[in-house]
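Contents: one structure, followed by commentary.
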Amino acid sequence: MITRKYLVTRTSYAVLTSAIALVINFLLPRLVPGNPVYTILLTKYHYLPPNQIKLLESEFGLQNPNLLYQFQRYIIELFHGNLGISYYYFPATVTNVIATHLPWTLFLLGTATAISSLVGVIIGKYIGWHSGTKGETAISALFMGLTSIPFFWIAVIFQLIFALYITHLLPISGAYSVTLVPSWNVAFILSVLRHSILPIFTLVLVSFPGFSLTMRNTMVNQNKEDYLTLAKAKGIPERLIVKNYAARNAVLPVATHIVLAFGYVVAGAFFVEVVFSYPGIGYALYVAVTSLDYPLVDGIFLVITLTVIIANFFADILYAYLDPRVELK
Amino acid sequence: MSFPILSIKKLNTVFHTPSGDVMALRNLSLEVNKGEVLAIVGESGSGKSTLGFSILRLIENPGEIISGSIVFHSPERDVHILDLSLPQLREFRWVNISMIFQSAMNVLNPIARIEKQFIDTFEAHNIEGDYQERINKYLEIAGLGKQVKKMFPHELSGGMKQRVNIALALSCEPSILIADEPTTALDVVVQKEILSSIMRIKDELNLTVIFITHDLSVASSIADRLAIFYAGRPVEVGSADKILRSPQHPYTTLLLSSVISLNTNREASLKTMGGSPPDLKKRIPGCSFLERCPIGEEACSTYDLFPAKVHGDVFVECIHPGKLEFEMEVNK
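First to last, the protein sequences are chains A and B. The letter at position 294 of the first sequence is residue 294 when you use my numbering, and the numbering goes up by one with no holes. Throughout, my numbering is defined as the position within the second sequence, counted from one, plus 329.
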């Protein structure tokens, strides 16, 4: 049951975790050796006079290498919504870069996670209820195989099959046709949908079996529960026993799994977006890391951490809502 | 004159295990009379719970009822429970025969409010009328306040949960109530209260109760008739008074001798029975109690299991009924 006390405690946990994450996010990229001004700008301009380098360093806030000083500036600017200027996408701000990339990721991975969790739970419920049959054994084995396929490998195979060699049915990469200008018109939306089919399909294919198998396992354990025996004895129709007794209880641990999966939407974007050259946050992260773009790495890590923390928070709330036994100890 | 409300004939229930089939009920025949409390007494593995589950056809894989018949005699017609189709069985359950389970703690759906667990039962059987009123009525009969219906199972104590189960078992007004060790998981004080509730309700609602227990003293305090189970068969069935006063089967005799009471001589060592029940995976020729029986003899091993009638309504499955003398403790 969701009580006021429960909410307050969960919220303070989330805030505390965010604070710790902030510190780590700040420190981590600074442990990587190198200086972005030298690596990026020198490769761009080949030669810059020393006074201009100094100028750039002060522009990026690197003139004082004292970490504490940098952290203080970081926190102050953060609360002004300023995450700094991206080295790579210079002169765009980090906030700007994230704002243009994040919606693509949320769309692509959000849709994929929603589909795979829904499909996964429904199939898992069904095979869990019929566990022990030959069909179930075969399906479970197949799913076990599917979950162990590396995503990027199957993605490349699908690209070859559906976009390159066998049929040109679907676009191979990108989020929309390069000939179109992003706007809310039919042609653009259709192009976006067409481009999302292959990545979403691939994502669903490798992630729904995981949900299915979790749901299957919790469903199988339901068979041993005494309340199922009572439900049968009471003459409840099987359809309702599965729905209101078995599945409703079995879905509890799976629900947490699902909400957390939504938390990893941003974090999990990396492979998909790199393989499909999809202009999401994962792709931006790839670019940022390879070009030592400290502010962008910092910013993206912050977004990733926050989504995970927020998802955790919602998982706790959802769990308390679904299971009346959950109370704050 | 008593009329049977439930007739069980030659019932065989087995559990298929990797090391062979366990014959949990072996050619069991038993009649339950209308309005009585029949206590089924036996040790673990004697098949008493299997019988309860078999009556409602709740035996699940790897268990199976392989043969026999169970007939429920309602005023309108005889229902052959084992011949019912699954939809018929679903409709038959609970409104005719309901059950209180041993595991009071775990039989309620943990995520549904108590009232919901009543309502879905009513809906399953198309019961008409005011559901809330009905729930209140049966909660009250079971000794609970109506505020309980808004609660979740985890908010109730063990005793309260078992009362909810009783209310639930009665709520569709069945003719027969099977109580499968309803008090085993509860402490003695609650046990006493639950037992007296069941007895009071039984009279009020004119129920027939099949009370399954391993506790002979509980059985003797409430039963009209006793069925003593051993190795998947009733070895002695009859009026509780008569069996308790003069047990005829050596197993019953030894069982009764091992009961301790407040009057038991504390200096004397407790009486126990040696040996253990037979392996039900093997076919048992003759009397199943032979191995442990102090008066067993050659003839017992070829004895064709058949209950012999002794004094009035007591049936005993032994060639020497009453031969083993019973030294009763002074029970006042």
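Beta carbons: idealized from backbone N, C-alpha and C, even for Gly. Computed from a predicted model, the values in this text were never measured in an experiment.
Kindly list, in the order they appear in chain A, the residues whose Cβ is closer than 8 Å to that of T450/B. Within 8 Å Cβ-Cβ: K234, G235, I236.
Would you tell me roughly how many angstroms separate the C-alpha atoms of F338/B and L357/B, rounded to the nearest one? Correcting the residue identity first, residue 338/B is Lys in this sequence and not Phe. It is roughly 6 Å from the alpha-carbon of K338/B to the alpha-carbon of L357/B.
Would N465/B pass as a contact of K479/B if the rule is Cβ separation under 9 Å? Not closer than 9 Å, so no.
I'd like to know whether the C-beta of N660/B is nearer than 9 Å to at least one C-beta of chain A. For N660/B, the predicted model reports a pLDDT of 42, less than 50, meaning its position is unreliable and no value from the coordinates is stated.
Beta carbon of I669/B nearer than 9 Å to that of H402/B: No information on residue 669/B is available, as it lies outside the stretch 330 to 661 that chain B covers here.
In angstroms, rounded to a whole number, what distance separates the CA positions of G210/A and T218/A? Near 13 Å, if we compare the C-alpha coordinates of T218/A and G210/A.
Kindly list, in the order they appear in chain B, the residues whose Cβ is closer than 8 Å to that of Y227/A. Correct list: N435, V436, L437, N438, P439.
With A368/B as the anchor, note down where its beta strand (DSSP E) starts and where it stops. A368/B -> beta strand (DSSP E) spans 366 to 370.
If you run the structure through DSSP and keep just helix, strand and coil, what is G663/B? Missing from the structure shown is residue 663/B; chain B here goes from 330 to 661 and no further.
Decide if E596/B is buried, meaning its Cβ has at least 16 other Cβ atoms within 10 Å, or exposed. Per the 10 Å Cβ criterion, exposed.
Could you tell me which uninterrupted alpha helix (DSSP H) segments, each at least 4 residues in length, are contained entirely in the segment 55 to 130 of chain A, listed from first to last along the chain? Qualifying alpha helix (DSSP H) stretches, in chain order: 67 to 79, 94 to 129.
Rounded C-alpha distance that separates R194/A from A175/A: Straight-line Cα distance between these residues: approximately 9 Å.
Tell me the residue span of the alpha helix (DSSP H) that contains M428/B. From DSSP, M428/B is part of no alpha helix (DSSP H) but of the beta strand (DSSP E) over 426 to 429.
Range covered by the beta strand (DSSP E) that runs through Y559/B: Where Y559/B is concerned, the enclosing beta strand (DSSP E) stretches over 554 to 559.
Return helix, strand or coil for P219/A, following the three-state DSSP convention. The sequence shown places Met at residue 219/A, rather than the Pro named in the question. In the structure shown, M219/A sits in a helix (DSSP, three-state: H, G or I).
Would you mind giving the Cβ-Cβ distance between Y559/B and S617/B, rounded to the nearest angstrom? I have them listed as a contact below 8 Å. 6 Å between Cβ atoms; contact.
Specify the secondary structure class of K490/B as computed by DSSP and reduced to three states. Three-state DSSP puts K490/B in a helix.
Closer than 6 Å by C-beta to S131/A: which residues in its own chain qualify, once you throw out the five before and the five after it? Chain order, please. Same-chain partners within the cutoff: V220.
What is the rounded straight-line gap between the Cα of F313/A and the Cα of N66/A? Distance between the alpha carbons of F313/A and N66/A: 35 Å.
Look up G604/B in the DSSP assignment and say whether it is helix, strand or coil. If DSSP states are grouped into helix, strand and coil, G604/B belongs with coil.
Residue(s) in a DSSP beta bridge with F644/B: DSSP, once it has assigned bridges, lists V566/B, K638/B as partnering F644/B.
Quick one: what's got a C-beta closer than 7 Å to K377/B's C-beta in the same chain, skipping five residues either side? Non-local C-beta neighbours of K377/B in its own chain, meaning closer than 7 Å and more than five positions away in sequence, comprise I369, G371, I541, F558, ordered along the chain.
Secondary structure at K652/B, three-state DSSP: helix, strand or coil? Three-state result, K652/B: coil.
Would you call the segment 86 to 94 of chain A and the segment 176 to 195 of chain A in contact, with 3 or more CB pairs under 8 Å? No, they do not touch.
Between the CA atoms of I429/B and L230/A - distance to the nearest angstrom: Taking the straight line from one Cα to the other gives about 9 Å.
In the DSSP output, what is E393/B paired with across the bridge? DSSP lists V343/B as the beta-bridge partner residues of E393/B.
Residues near I589/B in its chain [Cβ-Cβ closer than 7 Å; skip 5 each side]: In its chain, beyond the 5 residues on either side, L599 have a beta carbon closer than 7 Å to the beta carbon of I589/B.
Is the beta carbon of L164/A closer than 9 Å to that of I197/A? No, the Cβ-Cβ distance between I197/A and L164/A is not below 9 Å.
Taking 8 Å as the cut-off, does the segment 634 to 652 of chain B touch the segment 571 to 581 of chain B (at least 3 CB pairs, one atom from each stretch)? Touching, yes.
On a Cα-Cα basis, can you pick out the residue from A141/A, V303/A, Y13/A that is closest to G282/A? Among A141/A, V303/A, Y13/A, the Cα nearest to that of G282/A belongs to V303/A.
Is S349/B helix, strand or coil when you go by DSSP? Per the sequence shown, the amino acid found at residue 349/B is Gly instead of Ser. Collapsing the DSSP output to three states places G349/B in a strand.
Taking one C-beta from the segment 252 to 268 of chain A and one from the segment 309 to 324 of chain A each time, how about it: are there three or more such pairs within less than 8 Å? Output reads yes: the segment 309 to 324 of chain A touches the segment 252 to 268 of chain A.
Is the beta carbon of F270/A closer than 9 Å to that of Y286/A? Against a cut-off of 9 Å, the Cβ pair of F270/A and Y286/A comes out as a contact.
Once the 5 residues before and after K661/B are set aside, which same chain residues still bring their CB inside 8 Å of it? With a pLDDT of only 35 at K661/B, under 50, the local geometry of the prediction cannot be trusted, and the value read off the model is given with reservation. Taken in chain order, the residues that qualify are N592.
Measuring only between beta-carbons, confirm whether T342/B sits less than 9 Å from chain A. T342/B has a beta carbon lying at 9 Å or more from every beta carbon in chain A.
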